[in-house]
Every structure is written in structure tokens, then in C-alpha cells.
Amino acid sequence: MTAIRKVVIAEFGDVDVLKVVDDVCPPPPPGHIQIATEYSGFNGADVNMRKGLYPFQKKAPLTPGYCLVGTVRANGEGCNAFKLGDVVAVLTKYDAEAELVNQPEKYCIKVPDGVDHQQATALLCDWNTAYGMVMRSAKVTKGQRVFVHGISGAVGAAIMILSQLQGADVYGTASQRNHDDIREYGARPFVYTDKNWIETMNSLGGAHAVFDPLGFESFDESYSILAPGGILVAYGNNKDSLENGASRNPVGPIVKLLSRNLNPLTCKKTTFFGLTRDSSTYVPNVTALLDMVKTGTIKVPIKNVWDMEDIQTAHRQWGGGTGIGSLLIKVAKD
Numbered sequence: 173m174t175a176i177r178k179v180v181i182a183e184f185g186d187v188d189v190l191k192v193v194d195d196v197c198p199p200p201p202p203g204h205i206q207i208a209t210e211y212s213g214f215n216g217a218d219v220n221m222r223k224g225l226y227p228f229q230k231k232a233p234l235t236p237g238y239c240l241v242g243t244v245r246a247n248g249e250g251c252n253a254f255k256l257g258d259v260v261a262v263l264t265k266y267d268a269e270a271e272l273v274n275q276p277e278k279y280c281i282k283v284p285d286g287v288d289h290q291q292a293t294a295l296l297c298d299w300n301t302a303y304g305m306v307m308r309s310a311k312v313t314k315g316q317r318v319f320v321h322g323i324s325g326a327v328g329a330a331i332m333i334l335s336q337l338q339g340a341d342v343y344g345t346a347s348q349r350n351h352d353d354i355r356e357y358g359a360r361p362f363v364y365t366d367k368n369w370i371e372t373m374n375s376l377g378g379a380h381a382v383f384d385p386l387g388f389e390s391f392d393e394s395y396s397i398l399a400p401g402g403i404l405v406a407y408g409n410n411k412d413s414l415e416n417g418a419s420r421n422p423v424g425p426i427v428k429l430l431s432r433n434l435n436p437l438t439c440k441k442t443t444f445f446g447l448t449r450d451s452s453t454y455v456p457n458v459t460a461l462l463d464m465v466k467t468g469t470i471k472v473p474i475k476n477v478w479d480m481e482d483i484q485t486a487h488r489q490w491g492g493g494t495g496i497g498s499l500l501i502k503v504a505k506d
């Protein structure tokens, strides 16, 4: 047993339910490796888990943290893929906000030498989600119009950059304070609340792919701007959290979203994207993204990094501030 610090959500609720506590980490069981966490990813999933709103999540108490990059400290019985000291990346869904974490070896991916560890952490959830949606769900191609809600966010920025690499023209919604940053990337930003984007996109012939993490009423609005043959890829229900409104059950809007595919008269499609490390594309996607960082094909923008001891501040500031890109929690001490 090794003494550690970790984040715990003791019960669901506001930011004050988050605690950083002392605990111990047992040796890795068979088939697992023990990792000293350097960085954990931080996104809307963490916020919704804290509120108890993430689909099919664990009951409290739990330790959040959807992904991590860290150093191998011990190998459990039967593990020989990594040497002690190797830097690895892994999608965890839980437990990454802890100084030591035991994870199944089969899900861990070696981070190549020369790849920035902050960028590598952002790839696991934010960019892995974007890559799966752009390359596999929507199959974005040259000349298409792509529309992204939350284009300045972690996943939104990744969708923007990956879609542009495919040759698409990118549009999206974001807070006015981030519009200049988005324009610098060559995309066209809109303010979500004034709805001018609906008229503009329809006047252009609609979007061939729309990516929507907001949910609820936004799914209907996003569907309304699809071009014939277009696809709406939903991947979240963050609207209430971003607007600090009363939390609603997202099941009904998701069912409505998917039921649109039952209409034989429409040529538009909808889908809800979910990320899992059990997917056959998990390792290939992350490996491809790591190679893109190593070769300089992409540079992952990092918006903010908080120390783990400041986890309540991270939750309070989520969705605010200026700039674009991914958010991280620094777990390792200097």
C-alpha cells in the first residue's frame, strides 16, 4: 500500500462536494499496471459526474478523471508490455485524479518520446472523441460545410482542426469573447443565443455535418440546419450546465434525436457518439493522434491547467474564460 492524494466526489451536488483526500493505493492486481499520474483530462463529463447527471455513471463516492498520462511504477502479474519509467496514456472514465492509479495493461498506450505530455493527455478523451466523430461517424470530406457547437471548447476545437485537415469549411457557435481566436484558425464563429447561425447556414445550403454537445432544444435547432444527406452527431447534454440552469433528464431529447432516423422520407441522419476504451478503434485512434502530434500535423491547444488541490476552482471556471482548447488537471507535484 502506498499513500496518495486523490479527488473524491462524496455525494452529488455543487462544487463543494469535491474533496482532495489522503488515501492508499494497493499494488496492481494481475493484468494491471500502476501509474503515477502526471496529468488528468478535465471536461464536461467530470462536471456532469459531479452533479450525478452523466449517463450510466457510478454511484458516489467516486474519484473522477476520464483519462491520464503518467509513468509506469509497477507491473502486476502477467504484465510485460511496459518497462518501469515508461510514459503511458490511458482512457479511464474514473479514477485519473489520483497520484497513483492501477489500470488494465491492455488499455494503456505508450507515449512516444518527444510528444508533449499535456497534448498527449488531451488526445485521450477530447481529441479521441473528435477523431471518431469526424473520421468515422460523419466521414467529413473536402468541400463540405461543418458546423460545431462549442467550437472554442476542447472537443469543439479538435473537431474544427481535424475537419479543416479534411478540407472542410468550418462554422460554429462560441462565446463572443473567443471569436477572434476562432477566426485565427480560419473558421467562422457565431453567437449561439441570437440564432443568426440558423438562417445563415440554411442560406448556404445547410451543413453536411453538425456536431452538438449541448442537447435538449439544441438538437432540434441543429437538425434544422442539416443539408440533404447531412448528419447530426450529438455527443453530450451540456446545455443546462453551461447555462447554470436547472438540471433536466436528457433521455427524452436523445430518444427524440435518434427517432428521427425512423422517418423513411428524410435523407438526414442522426447519431449519438459515445467514447469507450472497449471499442476496436480506441487504440488505433489514439495511436494515430499521437503520431500526428509527433510529426507536427496537429498542435493541441491547451486552454488551462489547474493543480489537483484546486479542483473546486477548476469546476467553478469550467465553461468560462477566454481562449480555446483542452483543460487539464496537474496531479503530479513539482
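In this note's numbering, the protein residues as written are 173 to 506. Glycine residues also receive a C-beta, built at the ideal position from the N, C-alpha and C atoms. All of these numbers come straight from a predicted model, not from anything done at the bench.
Whole-angstrom distance between Gly-408 and Leu-461, CA atom to CA atom: Your numbering for residue 461 matches position 289 in the sequence shown. Your numbering for residue 408 matches position 236 in the sequence shown. A straight-line Cα-Cα distance of about 22 Å links Leu-461 and Gly-408.
Unbroken stretches of the beta strand (DSSP E), 3 residues or longer, contained in the segment 395-471: Listed in chain order, they are 398-406 and 441-444.
Cβ pair Leu-398, Asp-384 closer than 8 Å: Along the sequence shown, one-based indexing puts residue 398 at 226. Along the sequence shown, one-based indexing puts residue 384 at 212. No; because the gap between Cβ atoms is not below 8 Å, this pair is not in contact.
Buried versus exposed, by CB contacts within 10 Å (16 or more), Arg-449: For the purposes of this step, residue 449 is taken as the residue at position 277 of the sequence shown. Buried, by the Cβ-count rule.
Three-way DSSP call (helix, strand, coil) for Trp-369 in this model: As a position in the sequence shown, residue 369 is number 197, starting the count at 1. In the structure shown, Trp-369 sits in a helix (DSSP, three-state: H, G or I).
Residues that DSSP places opposite Trp-478 in a beta bridge: Locating residue 478 in the sequence shown gives position 306, counting from the first residue. Trp-478 is bridged to Ile-501.
Which of helix, strand or coil DSSP assigns to Asn-215: In the sequence shown, the residue the question calls residue 215 occupies position 43. Here Asn-215 sits in coil by DSSP.
Enclosing beta strand (DSSP E) for Val-318 [first to last residue]: Here residue 318 refers to the residue found at position 146 of the sequence shown. Run containing Val-318: 317-321, per the beta strand (DSSP E) assignment.
For Lys-505 and Val-189, the rounded distance between their alpha carbons: Within the sequence shown, residue 189 is the residue found at index 17, counting from 1. Within the sequence shown, residue 505 is the residue found at index 333, counting from 1. Their backbone Cα atoms lie some 23 Å apart in a straight line.
Pick from Phe-214, Gln-338, Cys-280 and Gly-237 that is closest to Tyr-303, judged by C-alpha positions: Along the sequence shown, one-based indexing puts residue 303 at 131. Taking only the C-alpha atoms, the option nearest Tyr-303 is Gln-338.
Beta-ladder partner(s) of Tyr-343, from DSSP: For the purposes of this step, residue 343 is identified with residue 171 of the sequence shown, where counting begins at 1. Looking at the DSSP assignment, Tyr-343 forms a beta bridge with Phe-319 and Arg-360.
Continuous beta strand (DSSP E) stretch holding Val-244: start and end: By 1-based counting over the sequence shown, the position of residue 244 is 72. Here the beta strand (DSSP E) through Val-244 covers 239-247.
Range of the contiguous alpha helix (DSSP H) that encloses Leu-337: The sequence position of residue 337 within the sequence shown is 165, counting from 1. Here the alpha helix (DSSP H) through Leu-337 covers 326-337.
Reference Val-342; option with closest CA among Thr-365, Val-382, Gln-348 and Tyr-364: In the sequence shown, the residue the question calls residue 342 occupies position 170. Considering only Thr-365, Val-382, Gln-348 and Tyr-364, the residue with the shortest C-alpha distance to Val-342 is Val-382.
According to DSSP, residues forming a beta bridge with Lys-230: Locating residue 230 in the sequence shown gives position 58, counting from the first residue. Its beta-bridge partners do not exist; DSSP assigns none.
From Ser-347, Asn-433 and Ile-207, residue whose alpha carbon lies closest to that of Gly-257: Along the sequence shown, read from residue 1 onward, the residue named residue 257 stands at position 85. The residue from Ser-347, Asn-433 and Ile-207 with its alpha-carbon nearest to that of Gly-257 is Ile-207.
Span separating the alpha-carbon of Ser-390 from that of Ser-309: Numbered from its first residue, the sequence shown carries residue 390 at position 218. Numbered from its first residue, the sequence shown carries residue 309 at position 137. Note on geometry: alpha-carbon atoms of Ser-390 and Ser-309 lie some 19 Å from one another.
Residue environment, Gln-539, which counts as buried when at least 16 other CB atoms sit within 10 Å: Missing from the structure shown is residue 539; the chain here goes from 173 to 506 and no further.
Check whether Ser-419 and Lys-223 have beta carbons under 8 Å apart: Working through the sequence shown from its first residue, we reach residue 419 at position 247. Working through the sequence shown from its first residue, we reach residue 223 at position 51. Yes, these two residues count as a Cβ contact at 8 Å.
Spatial distance of Val-259 from Val-283 (CA atoms): On the sequence shown, residue 259 is found 87 positions in, with the first residue counted as 1. On the sequence shown, residue 283 is found 111 positions in, with the first residue counted as 1. CA-to-CA, the gap between Val-259 and Val-283 works out to about 6 Å.
Asn-252 (DSSP reduced to helix, strand or coil): In the sequence shown, the residue the question calls residue 252 occupies position 80. Correct three-state label for Asn-252: coil.
Close Cβ partners of Cys-297 (< 7 Å) along its chain, the five nearest in sequence each way excluded: Position 125 of the sequence shown holds residue 297. Only Gly-213, Asn-215, Tyr-238, Cys-239, Leu-263 and Leu-447 meet the Cβ criterion.
For Gln-206, the residue or residues it bridges with in DSSP: Walking along the sequence shown from the start, residue 206 turns up at place 34. In the DSSP output, where bridge partners are listed per residue, Gln-206 has Ala-246 and Asn-274.
Ala-268 (DSSP reduced to helix, strand or coil): Taking the sequence shown and counting its residues from 1, one reaches residue 268 at position 96. Of the three classes helix, strand and coil, the one that applies to Ala-268 here is coil, per DSSP.
Bridge partner(s) assigned by DSSP for Asp-194: Residue mapping note: residue 194 aligns to position 22 of the sequence shown, counting from 1. Looking at the DSSP assignment, Asp-194 forms a beta bridge with Arg-177.
C-alpha gap between Lys-191 and Gly-495, whole angstroms: Sequence index remark: in the sequence shown, residue 191 carries index 19 (1-based). Sequence index remark: in the sequence shown, residue 495 carries index 323 (1-based). Going from the Cα of Lys-191 to the Cα of Gly-495 covers about 28 Å.
Which residues DSSP lists as bridging Lys-282, in chain order: Taking the first residue of the sequence shown as 1, we reach residue 282 at position 110. Beta-bridge pairing links Lys-282 to Val-260.
Pick from Ala-270, Gly-468 and Glu-356 that is closest to Cys-177, judged by C-alpha positions: The residue you call residue 177 lines up with position 5 of the sequence shown. What sits at residue 177 in the sequence shown is Arg, not Cys. Ranking Ala-270, Gly-468 and Glu-356 by Cα distance to Arg-177 puts Ala-270 first.
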